[in-house]
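Remarks on the structure that follows.
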Amino acid sequence: MKKLYSNKLTIILFILPALLLFALILFAPIFVSGYYSLFDWNGFGKMNFIGIENYKELFTSNSIGFLKALGNALLLALLSVGVQLPLALGLALLLGKGRKGERAFLSIYFVPVLISTVVIGQLWLKIYNSSYGILNAFLRSIGLDNLTRIWLDRDTALGATFVPILWQYVGYHMLLMYAGIKSVPVQYREAAMIDGAKEGQINRYIILPCIKPILKISTIFAVTGSLKSFDLIYVLTNGGPLHATEVPSTLMISMLFLRNRYGMGSTIAFLLIILCFAFALIIGRMFKDKEED
Amino acid sequence: MVKLNDIFVNRNKKSGNLVKSKGKEVWVYILFGIWALINLFPIYWMFTFSLKSNGEIFGENVAGLPREWLWSNYKRAMAVGNIGRYFANSVFIAIVTIVIVMLVSLMATFALTRFIWKGRKQMNKFFMLGLTIPIHASIVPIYVILSKLSLLNTYSALIIPYSAFSLAMGILVCTGFMQDLPMELDEAACIDGCGAWGIFFRIIVPLMKPAVATVSIYTFLQCWNELMFSTIFISDSTHKTLPVGVQALSGQYMTEWGPIGAALVIATFPTLIFYAFFSKRIQESFITGAIKG
Numbered sequence: 003m004k005k006l007y008s009n010k011l012t013i014i015l016f017i018l019p020a021l022l023l024f025a026l027i028l029f030a031p032i033f034v035s036g037y038y039s040l041f042d043w044n045g046f047g048k049m050n051f052i053g054i055e056n057y058k059e060l061f062t063s064n065s066i067g068f069l070k071a072l073g074n075a076l077l078l079a080l081l082s083v084g085v086q087l088p089l090a091l092g093l094a095l096l097l098g099k100g101r102k103g104e105r106a107f108l109s110i111y112f113v114p115v116l117i118s119t120v121v122i123g124q125l126w127l128k129i130y131n132s133s134y135g136i137l138n139a140f141l142r143s144i145g146l147d148n149l150t151r152i153w154l155d156r157d158t159a160l161g162a163t164f165v166p167i168l169w170q171y172v173g174y175h176m177l178l179m180y181a182g183i184k185s186v187p188v189q190y191r192e193a194a195m196i197d198g199a200k201e202g203q204i205n206r207y208i209i210l211p212c213i214k215p216i217l218k219i220s221t222i223f224a225v226t227g228s229l230k231s232f233d234l235i236y237v238l239t240n241g242g243p244l245h246a247t248e249v250p251s252t253l254m255i256s257m258l259f260l261r262n263r264y265g266m267g268s269t270i271a272f273l274l275i276i277l278c279f280a281f282a283l284i285i286g287r288m289f290k291d292k293e294e295d
Numbered sequence: 010m011v012k013l014n015d016i017f018v019n020r021n022k023k024s025g026n027l028v029k030s031k032g033k034e035v036w037v038y039i040l041f042g043i044w045a046l047i048n049l050f051p052i053y054w055m056f057t058f059s060l061k062s063n064g065e066i067f068g069e070n071v072a073g074l075p076r077e078w079l080w081s082n083y084k085r086a087m088a089v090g091n092i093g094r095y096f097a098n099s100v101f102i103a104i105v106t107i108v109i110v111m112l113v114s115l116m117a118t119f120a121l122t123r124f125i126w127k128g129r130k131q132m133n134k135f136f137m138l139g140l141t142i143p144i145h146a147s148i149v150p151i152y153v154i155l156s157k158l159s160l161l162n163t164y165s166a167l168i169i170p171y172s173a174f175s176l177a178m179g180i181l182v183c184t185g186f187m188q189d190l191p192m193e194l195d196e197a198a199c200i201d202g203c204g205a206w207g208i209f210f211r212i213i214v215p216l217m218k219p220a221v222a223t224v225s226i227y228t229f230l231q232c233w234n235e236l237m238f239s240t241i242f243i244s245d246s247t248h249k250t251l252p253v254g255v256q257a258l259s260g261q262y263m264t265e266w267g268p269i270g271a272a273l274v275i276a277t278f279p280t281l282i283f284y285a286f287f288s289k290r291i292q293e294s295f296i297t298g299a300i301k302g
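For the protein sequence lines, the chains are A and B, in the order given. Heads up: the first sequence is residues 3 to 295, going by the numbering used here. Heads up: the second sequence is residues 10 to 302, going by the numbering used here.
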């Protein structure tokens with residue numbers, strides 16, 4: 003038995019397919035992207051080594067507008083942490099109490115997470131449609147005609163694209179938090195109740211500290227997810243009108259496939275990965291410090 | 010930390026004790042109801058307008074059930090929008106991806122949990138990193154390689170990256186289940202003359218059905234909804250997946266909301282059917298993926 007399970011050749015044969023897929027598709031590309039980012043390259047011609055020029059251009063050029071795109075993504079991250087997560091937490095706390103039908107509501111709230119972002123994007127395009135959209139129709143029907151507008155024009159497009167993004171993933175964070183709350187032993191809650199703790203106090207002093215690891219995960223996902231956000235913005239506005247809703251991912255795609263600037267596209271991709279890892283580390287650190295207090 | 014099995018077992022336990030005043034309860038349920046409405050309304054609206062004429066959608070009957078059920082919208086989406094073809098493509102890609110992910114991750118997990126070798130813990134950690142790597146990193150390098158190998162606009166252009174990005178989740182879930190299988194099984198099989206491959210295919214794999222179900226559903230959802238790779242790697246209409254196809258259809262036939270709605274429904278209903286049957290398993294897979302990642 004031992005001999006059978008320490009045969010080197012068998013081990014290699016079993017692990018090799020996974021290792022190859024992983025190394026070639028997931029890991030190598032990170033380094034290759036980092037390498038490409040040092041070149042001026044249109045994808046097929048000669049690659050000109052230009053050092054960190056791409057990075058310099060990215061942060062200084064107004065015509066690319068990377069800082070604006072990054073700003074949009076960070077604003078989305080802020081809203082995600084400030085609006086989406088509290089909403090999810092509130093719902094999870096209410097659902098986690100053991101009410102009748104909580105599982106049914108939980109399942110309903112998770113539905114938007116499962117639906118393709120293209121479908122959600124197309125639906126919201128139709129909700130926002132200025133002549134026939136249901137949002138304007140609703141406003142007209144309750145006599146607020148003066149509020150009807152072209153929702154995806156320059157002034158309101160950013161807000162209008164953020165709403166479905168935030169809406170779609172409330173259910174996701176809520177599910178994680180609900181799972182955390184459910185894993186808090188009922189005895190803790192009961193003991194606190196016997197000691198006369200109010201509901202708010204139980205939530206604040208018992209539930210929240212117990213689900214801190216989940217809150218950390220949710221915060222990391224909310225922030226890195228916002229930085230990477232692509233699908234819904236691509237479907238709703240593709241970064242327009244006039245770059246009003248541009249985020250790093252849409253900018254990356256237009257660099258690559260509209261302007262054939264592969265070096266610059268790789269630069270954005272590489273920066274995004276670094277930013278995601280950096281934010282994940284920082285958020286992890288922030289939660290840790292609090293735990294030690 | 011959260012122990013997964015407990016999450017859904019704890020529910021409704023002692024629920025009577027935890028909920029107090031009746032009056033407040035009503036408000037909580039009203040709140041739940043409103044949020045459920047906000048989550049389901051766009052989907053309800055999609056189903057209804059997929060069966061309506063433009064006349065109804067654009068004014069006569071914006072939000073109600075269709076007066077005349079226009080199944081011809083679905084026929085039109087199939088005929089003009091080629092949605093049937095895209096549906097078949099998506100199904101094919103998802104199935105092949107699931108088979109690859111299952112086989113490769115079961116093999117890797119077998120090597121990681123059964124065999125005794127140095128570095129297997131590190132190897133496991135390495136695979137788990139895959140849960141956090143954003144797909145952005147891979148876009149440029151993989152695109153360049155695919156175009157050099159003339160593999161753009163093929164099924165493999167999507168199947169290979171999809172498999173790689175679902176692998177971490179596959180290994181994570183399989184490890185959980187495989188560790189619970191007693192070693193005595195392997196020993197008995199070994200005494201009966203089974204080799205490593207025999208144990209794997211005859212003993213282990215048949216016992217991994219729950220893991221296979223979880224990973225398959227998760228992988229299916231990832232493939233079915235994915236947009237970034239599929240938009241970039243596929244441009245010809247014979248290989249388009251549903252999300253890309255729906256995107257193209259709504260760009261071409263902007264004013265025909267009925268058929269677009271039909272296409273959206275076609276893209277959504279498999280997910281909803283899966284969810285109706287496996288909601289718990291799907292939710293658990295999302296929780297597992299998040300907490301370990």
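All C-beta atoms in this analysis are idealised placements derived from N, C-alpha and C, irrespective of residue type, glycine included.
Item	Value
What separation, rounded to the nearest whole angstrom, lies between the Cα atoms of I200 of chain B and Q188 of chain B?	21 Å
Check the Cβ-Cβ distances between A97 of chain B and every residue of chain A, and say whether any is below 9 Å.	no
Identify each residue in the stretch 48 to 64 of chain B for which the Cβ-Cβ distance to at least one residue of chain A is less than 8 Å, and report them in chain order.	N48, L49, P51, I52, W54, M55, F58
Report the neighbours of I144 of chain A on chain B: residues whose CB is nearer than 9 Å to its CB, in chain order.	Simply none; closest approach about 13 Å.
Run through chain B and tell me which residues come within less than 8 Å of D233 of chain A, C-beta to C-beta.	L236, M237
Would you identify the three-state DSSP class for D197 of chain A, choosing helix, strand or coil?	coil
Roughly how many angstroms separate the alpha carbons of F67 of chain B and W126 of chain A, rounded to a whole number?	15 Å
Can you tell me whether N50 of chain A is helix, strand or coil according to DSSP?	strand
Who are F135 of chain B's beta bridge partners in DSSP?	Beta-bridge pairing links F135 of chain B to no other residue.
Under 9 Å between C-beta atoms, does N205 of chain A make it to chain D?	As a matter of chain content, chain D is missing from the structure shown, whose protein chains are A and B.
Pick out the complete alpha helix (DSSP H) segments inside the stretch 53 to 85 of chain A, 4 residues or longer, and give them in chain order.	55 to 62, 68 to 81
Please compile the residues from chain A whose C-beta is within a distance smaller than 8 Å of the C-beta of T280 of chain B.	L116, I117, S118
Would you identify the three-state DSSP class for F232 of chain A, choosing helix, strand or coil?	coil
Within the continuous alpha helix (DSSP H) that includes K285 of chain B, where are the two ends?	The sequence given here places Ala at residue 285 of chain B; Lys does not occur at that position. It spans 266 to 301 - the alpha helix (DSSP H) in which A285 of chain B sits, taken as one unbroken run.
Start and end of the alpha helix (DSSP H) containing F310 of chain B?	Because residue 310 of chain B is not part of the residues shown, which for chain B are 10 to 302, the question remains open.
Please confirm whether A299 of chain B and I183 of chain A have their CB atoms less than 9 Å apart.	no
Please list the partners that V165 of chain A has in chain B, where partner means a Cβ-to-Cβ separation under 7 Å.	Going along chain B, no residue has its Cβ under 7 Å from V165 of chain A, so there is no contact; the nearest lies around 11 Å.
With C-beta atoms as the reference, is F278 of chain B less than 9 Å away from I107 of chain B?	no
Should P211 of chain A be flagged as near chain B, meaning a C-beta pair shorter than 9 Å?	no
Does the beta carbon of D245 of chain B sit closer than 9 Å to a beta carbon anywhere in chain A?	no
For K22 of chain B, which residues in the same chain have their Cβ closer than 6 Å to its Cβ, ignoring the five residues on either side in sequence?	Note that K22 of chain B scores a pLDDT of 44, beneath 50, so its modelled location is shaky; the value from the coordinates is reported in the next line. If we look at K22 of chain B and ignore the five residues flanking it on each side, it has no Cβ neighbours.
Quick one: what does DSSP say F124 of chain B is sitting in, helix, strand or coil?	coil
Quick one: list the residues of chain A neighbouring E265 of chain B, beta-carbon separation under 7 Å, in chain order.	Those do not exist, as E265 of chain B stays about 12 Å from chain A at its closest Cβ, beyond 7 Å.
What are the start and end residues of the alpha helix (DSSP H) that includes E248 of chain A?	E248 of chain A -> no alpha helix (DSSP H), and no H or E assigned at all.
Are the C-beta atoms of N64 of chain A and some chain B residue less than 9 Å apart?	no
Would you mind telling me which residues of chain A sit closer than 9 Å to R85 of chain B, beta carbon to beta carbon, in chain order?	Chain A residues near R85 of chain B: none, gap ~16 Å exceeds 9 Å.
With 16 as the cutoff for other CB atoms within 10 Å, does I146 of chain A come out buried or exposed?	According to the sequence displayed, residue 146 of chain A carries Leu and not Ile. Looking at its Cβ environment, which holds fewer than 16 other Cβ atoms inside 10 Å, L146 of chain A is exposed.
Closer than 9 Å, CB to CB, is V11 of chain B near chain A or not?	Reliability fails at V11 of chain B, whose pLDDT of 43 lies under 50, so the model's placement of it is uncertain and no value is given.
Give the DSSP-derived three-state secondary structure of D147 of chain A in the structure shown.	helix
Determine, using beta-carbon pairs with one atom in the stretch 173 to 184 of chain B and one in the stretch 134 to 146 of chain B, whether at least three such pairs fall under 8 Å.	yes
Which residues in chain B sit within 7 Å of K230 of chain A, going by Cβ to Cβ distance?	P143, H145
Could you tell me which chain B residues have their CB closer than 8 Å to the CB of F41 of chain A, listed as they occur along the chain?	By Cβ distance, chain B contributes nothing, its closest Cβ being about 11 Å from F41 of chain A, past 8 Å.
DSSP three-state call for D195 of chain B: helix, strand or coil?	helix
I need the straight-line Cα distance from I117 of chain A to N234 of chain B, nearest angstrom please.	7 Å
Taking C-beta to C-beta, are A205 of chain B and F16 of chain A nearer than 9 Å?	yes
Starting from F136 of chain B, find everything on chain A with Cβ-Cβ shorter than 9 Å and list it in chain order.	A20, L21, F24
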